[in-house]
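A quick write-up on the structure given underneath.
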Amino acid sequence: MSKEKILTAFLESTDFSEFISNISEIWGTPTVIVDCAFRIAASFAPVDYGQSEYTRAVLHGELSFEAG
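Residue 53 in the working numbering sits at position 61 of the sequence shown; the count goes up by one each step and never skips.
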């Protein structure tokens, strides 16, 4: 993982959602940002990512205790 790529993504992003999608692309994995109550603040995943746990969490808007 390149620190420079992450810094560039942060500096070039115009909003939080764009930053999360850029980070997800850099890491090559879905990215989920949650608050202290496990509510999803932002998320992004590749179009072909079909894990049922991820889809269920995003649709529900929060992570279950078991998923954490």
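Glycine included, each C-beta is placed from N, C-alpha and C at the ideal position.
Remember, it's a predicted structure, so these values are computed and weren't measured experimentally.
Limits of the beta strand (DSSP E) - the one that residue i falls within
{"i": "Ala34", "result": "32 to 36"}
{"i": "Thr23", "result": "23 to 26"}
Limits of the alpha helix (DSSP H) - the one that residue i falls within
{"i": "Val39", "result": "Neither: Val39 is in no alpha helix (DSSP H) and is coded neither H nor E."}
Separation of residue j from residue i, as counted between CA atoms
{"i": "Ser13", "j": "Ser56", "result": "22 Å"}
{"i": "Ala1", "j": "Ser9", "result": "11 Å"}
{"i": "Tyr46", "j": "Trp19", "result": "16 Å"}
{"i": "Tyr41", "j": "Ser16", "result": "12 Å"}
DSSP-derived helix/strand/coil call for residue i
{"i": "Thr6", "result": "coil"}
Top-ranked residue by Cα proximity to residue i, from the options
{"i": "Ala37", "options": "Ala29, Phe30, Asp27, Leu51", "result": "Leu51"}
{"i": "Ala49", "options": "Arg31, Glu17, Tyr41", "result": "Arg31"}
{"i": "Pro22", "options": "Gln43, Gly53, Glu4", "result": "Gln43"}
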